[in-house]
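Notes follow once the structure below has been shown.
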Amino acid sequence: MSKIIYSKYSNERNKKFQIRTSILQNDDGKKIVKKLAIVDESKKHIDDIFENFERLKDNYYLDERVKINLCNKTEDGLEFEYLEGMTLDKIIDDFMENNEYDKSIEIIKDFRNVIFNVSTTCGFNITEDFIKVFGNVDFNSDTKATLLSNIDSSFNNLVINDAWNIIDYEWVYKFPIPIRYILYRALNIYITTSVYGSKLKDLNIYDILGYSELELSKYEFMEYNFGRYIAGESISLQNLYEDIKTKKYKLEELLISNDFNKRMQIFYDEGNGFSEENSYYIDLEMKNKITIPLEKDIKSIRIDPASVNCIILINKLDVVFANETIDIKNNLITNADEKKQDLYTFLSSDPQIYIDLGNRFQKGYINFEYEIKKLDFDTYDIYLEVRNLMLNNQNKLINLNKELEERNMQLDILGKEINQINDRLENTLNELDNAKNKIYILEKRKIKNILRNMKKRISK
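One rule links them: number in this note's numbering = place in the sequence shown (from 1) + 57.
Structure (structure tokens):
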């Protein structure tokens with residue numbers, strides 16, 4: 058008999074994409090992965106995933122190392138092989154943790170070469186299906202694209218053992234998509250979800266891989282629209298800008314009551330990473346203060362304070378051992394999208410706070426005092442766009458002022474050069490006048506001498 062050891066519900070999506078992914082283990086210890094439709098509307102999505110497998114398995118990836126994880130249809134959904142090995146994101150995490158940044162960059166470049174080496178490359182042309190999913194974002198026709206795109210090729214969906222195993226292919230599309238967007242998306246997911254994501258971004262990974270600011274802005278907008286498409290809230294660029302132009306928002310107006318937050322999930326890592334089976338829930342009952350006990354074998358703690366996008370104000374976060382209290386409030390690792398002092402904004406529906414206990418392995422407890430509010434996500438999206446638009450305009454204004462200063466400096470230099478030329482011209486004219494005067498004097502003397510000589514001849 059099999060038992061579920063892990064489940065993830067994707068019920069924040071549009072109903073037609075809502076599924077459950079579970080890991081099951083039988084009495085012999087063998088594991089399998091199952092994907093099931095949560096509602097009737099999402100059964101077609103399950104069928105589409107199987108079709109994605111059929112499309113990808115036959116020589117789509119040209120790199121011989123790549124294998125597509127096996128998928129079989131069952132009466133109630135899909136069944137996948139559970140693969141042993143490390144996911145690429147964990148490999149990169151290890152490199153980053155050990156400050157082996159060159160290795161992180163090299164394996165990301167290797168990943169790039171793998172996902173770029175596919176059998177369906179083409180030039181880009183925009184289609185109605187593309188606009189429906191990603192918005193009206195245009196690229197040059199010579200932009201390298203692929204007719205069949207697995208945009209689910211993220212680092213955490215690639216298990217590496219003796220092969221590079223693609224374990225998920227939920228989002229596969231049959232229209233041209235810029236191939237560099239797939240790499241951007243994998244990087245963006247890692248940067249926004251991994252505890253080492255910000256460090257990788259600080260290495261200028263986008264610059265290293267040749268992304269321009271214009272290219273990134275296009276991919277950001279594609280990702281924005283894709284997220285809204287999956288959530289059933291697709292929005293056009295034109296409508297977005299109309300919202301931005303006609304509405305103003307204050308952050309405090311985007312918050313709604315904290316009645317949503319009834320419990321908090323605590324994960325503990327004893328050296329094998331975080332898992333559902335090594336977690337428990339704390340019933341909050343509207344409390345803003347919890348105590349988390351620590352056993353001696355715990356290496357790190359992950360706090361999932363809510364299951365929705367939210368804002369959290371951390372008032373206190375201490376680790377208490379027998380003879381020591383450590384304030385860790387200012388040394389947290391989170392997947393927050395924005396941080397202002399002790400205020401964290403989580404746009405993800407899975408906010409996470411990580412506490413590394415180092416090698417202490419002591420009994421103790423954690424004091425956590427906080428205030429939490431749910432965000433009105435739709436409105437906050439527009440708020441972010443307004444803020445980003447303002448920041449972009451400020452940056453443009455700064456750049457224009459710099460350009461104006463440079464032009465003024467150039468004008469000053471040109472003015473000085475013109476003055477120097479005028480001075481040289483005036484000096485030349487003065488020299489010419491002097492020369493004329495000298496010539497006049499010489500000519501006058503010459504005439505006087507001639508007249509004098511003539512008089513002498515006549516007098517003789």
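Where a beta carbon is used, it is the ideal one built from N, C-alpha and C, also for glycine.
Anticipated Cβ contact below 8 Å, residue i with residue j, distance rounded
| i | j | result |
| --- | --- | --- |
| Val229 | Arg112 | 7 Å |
| Tyr268 | Tyr241 | 7 Å |
| Leu135 | Lys72 | Contact doesn't hold; Cβ gap of about 18 Å is too wide. |
| Ile369 | Ile429 | 5 Å |
| Asp354 | Glu381 | With 8 Å as the limit, Asp354 and Glu381 do not qualify as a contact, their Cβ atoms being about 19 Å apart. |
| Asp51 | Gly180 | Residue 51 lies beyond the residue range present for the chain, which begins at 58 and ends at 517; the question has no answer from this structure. |
| Asn366 | Ser405 | 6 Å |
| Leu414 | Val376 | 7 Å |
| Met279 | Tyr325 | About 38 Å; that fails the 8 Å criterion. |
| Tyr117 | Leu205 | 6 Å |
| Pro362 | Tyr427 | 7 Å |
Beta carbon of residue i nearer than 8 Å to that of residue j
| i | j | result |
| --- | --- | --- |
| Leu140 | Phe168 | no |
| Ile383 | Ile360 | no |
| Ile265 | Leu244 | no |
| Ser14 | Leu257 | This structure does not reach residue 14, given that the chain is present from 58 up to 517, and the question cannot be answered. |
| Gly142 | Asn218 | yes |
| Tyr66 | Ile80 | no |
| Val190 | Tyr276 | no |
| Ile95 | Asn68 | yes |
Limits of the unbroken beta strand (DSSP E) element including residue i
| i | result |
| --- | --- |
| Gly421 | 421-432 |
| Lys73 | Where Lys73 is concerned, there is no enclosing beta strand (DSSP E), given that its DSSP letter is neither H nor E. |
| Phe403 | 400-403 |
| Thr203 | 201-203 |
| Gly254 | First-last for Gly254: 254-259, but that is the alpha helix (DSSP H), not the beta strand (DSSP E). |
| Phe137 | 134-138 |
| Ala220 | That residue, Ala220, is in no beta strand (DSSP E); it is neither H nor E in DSSP. |
| Arg122 | Arg122 -> no beta strand (DSSP E), and no H or E assigned at all. |
Residue i versus residue j - alpha carbon distance
| i | j | result |
| --- | --- | --- |
| Lys201 | Phe187 | 15 Å |
| Leu119 | Ile125 | 12 Å |
| Ile515 | Asn506 | 14 Å |
| Lys373 | Ile423 | 10 Å |
| Ile301 | Asn193 | Residue confidence is low: Ile301 scores 37 on pLDDT, short of 50, so the model does not pin down where it sits. No coordinate-derived value is stated. |
| Thr303 | Gly289 | Caution applies to Thr303, whose pLDDT of 40 falls short of 50 and renders its modelled position unreliable; the value that the coordinates give is listed next. Looking at the two C-alpha atoms, the distance is approximately 23 Å. |
| Ile61 | Val216 | 21 Å |
| Ala393 | Ile358 | 17 Å |
| Lys501 | Leu489 | 18 Å |
| Ile165 | Ile148 | 10 Å |
| Phe227 | Asp209 | Residue identity differs from the one stated: residue 227 is Glu in this sequence, not Phe. Whole-angstrom Cα-Cα distance: 6 Å. |
| Glu463 | Ile475 | 18 Å |
| Asp133 | Gly86 | 22 Å |
| Ile183 | Phe232 | 9 Å |
| Gln82 | Glu138 | 12 Å |
| Pro235 | Thr203 | 7 Å |
| Ser211 | Ile248 | 11 Å |
| Asn345 | Ile224 | 40 Å |
| Asn170 | Asn156 | 23 Å |
| Met321 | Trp221 | 36 Å |
| Leu461 | Gly472 | 16 Å |
| Phe74 | Lys420 | 44 Å |
| Glu98 | Glu270 | 39 Å |
| Ile504 | Asp480 | 36 Å |
| Leu93 | Tyr401 | 34 Å |
Residue interval of the alpha helix (DSSP H) (run including residue i)
| i | result |
| --- | --- |
| Val171 | 158-173 |
| Val376 | Segment 367-378 is the beta strand (DSSP E) holding Val376; no alpha helix (DSSP H) there. |
| Thr177 | Element bounds for Thr177: n/a, residue is neither H nor E. |
| Glu277 | 270-288 |
| Phe110 | 100-113 |
| Asp326 | Counting along the chain, Asp326 falls outside any alpha helix (DSSP H), though it belongs to the beta strand (DSSP E) covering 320-326. |
| Glu154 | 145-154 |
| Tyr263 | 262-265 |
| Tyr117 | Note, Tyr117: premise wrong, no alpha helix (DSSP H); not H, not E. |
| Lys189 | 185-191 |
| Leu244 | 236-250 |
Same chain, Cβ closer than 8 Å to residue i, neighbours up to 5 away in sequence not counted
| i | result |
| --- | --- |
| Ile470 | none |
| Lys389 | First, the amino acid is wrong: residue 389 is Leu here, not Lys. Here the set comprises Ile371, Leu374, Ile410, Tyr411, Ile412. |
| Ser255 | Ile248 |
| Lys88 | Ile62, Ile80, Leu81, Gln82, Tyr139 |
Residues of its chain near residue i, where Cβ-Cβ distance is below 6 Å and the 5 sequence neighbours each way are ignored
| i | result |
| --- | --- |
| Asn213 | Thr144, Asp146 |
| Tyr253 | Asp150, Met153 |
| Ile347 | Ile339, Phe425 |
| Asn129 | Glu136 |
| Asn491 | none |
Own chain partners of residue i with C-beta closer than 7 Å, once the 5 adjacent residues on each side are dropped
| i | result |
| --- | --- |
| Met511 | none |
| Glu310 | Unreliable placement is indicated for Glu310, whose pLDDT of 39 sits below 50; no coordinate value is reported for it. |
| Leu127 | Phe137, Glu138 |
| Leu508 | none |
| Ser332 | Tyr63 |
Interface flag, residue i vs chain C, CB-CB below 8 Å
| i | result |
| --- | --- |
| Asp104 | No chain C appears in this structure, which consists of one protein chain only. |
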